[in-house]
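This report refers to the structure that appears directly beneath it.
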């Protein structure tokens, strides 16, 4: 049984990545050290994002490469508002806000290390489960 799921991403510069995610998504710094940072949602700490230095001894040398083959999705109330915030932060935009066929409004951007992030907001009620 899983008691907790914590997503950790390797970053080149902890402070830069911490500042990027806190400013863009209004996350709270829950734990901050010179080697590891945990960010949480301000209202409920059910969401946790860990940042760890790419060159930390805990990361095997052969696993320290750039991110590939994954992206993080952040579901928010208003993707357009976050997009406007991203523009003021010189965020690298991959795709501007657009509506999807599955009832989301989303935009894609890159974090400071080039990890793609998907910021999405529901535009329609989720399909009911059968």
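Numbering (the numbering used here), first residue to last: 1 to 130.
For each residue, glycine too, the CB sits at the ideal point set by N, CA and C.
Exercise. Just tell me which of 8, 15, 12 and 24 has its CA closest to the CA of residue 93.
Key: 24
Quiz item: How long is the line joining the alpha carbons of residue 34 and residue 45, rounded to whole angstroms?
Solution: In a straight line, the C-alpha of residue 34 is about 22 Å away from that of residue 45.
Exercise. Indicate whether the contact test is met: 3 or more Cβ pairs, each with one atom in the region 63 to 81 and one in the region 113 to 124, closer than 8 Å.
Key: yes
Practice problem: Return helix, strand or coil for residue 121, following the three-state DSSP convention. | Solution: strand
Self-check item: Helix, strand or coil at residue 82 [DSSP, three-state]
Solution: helix
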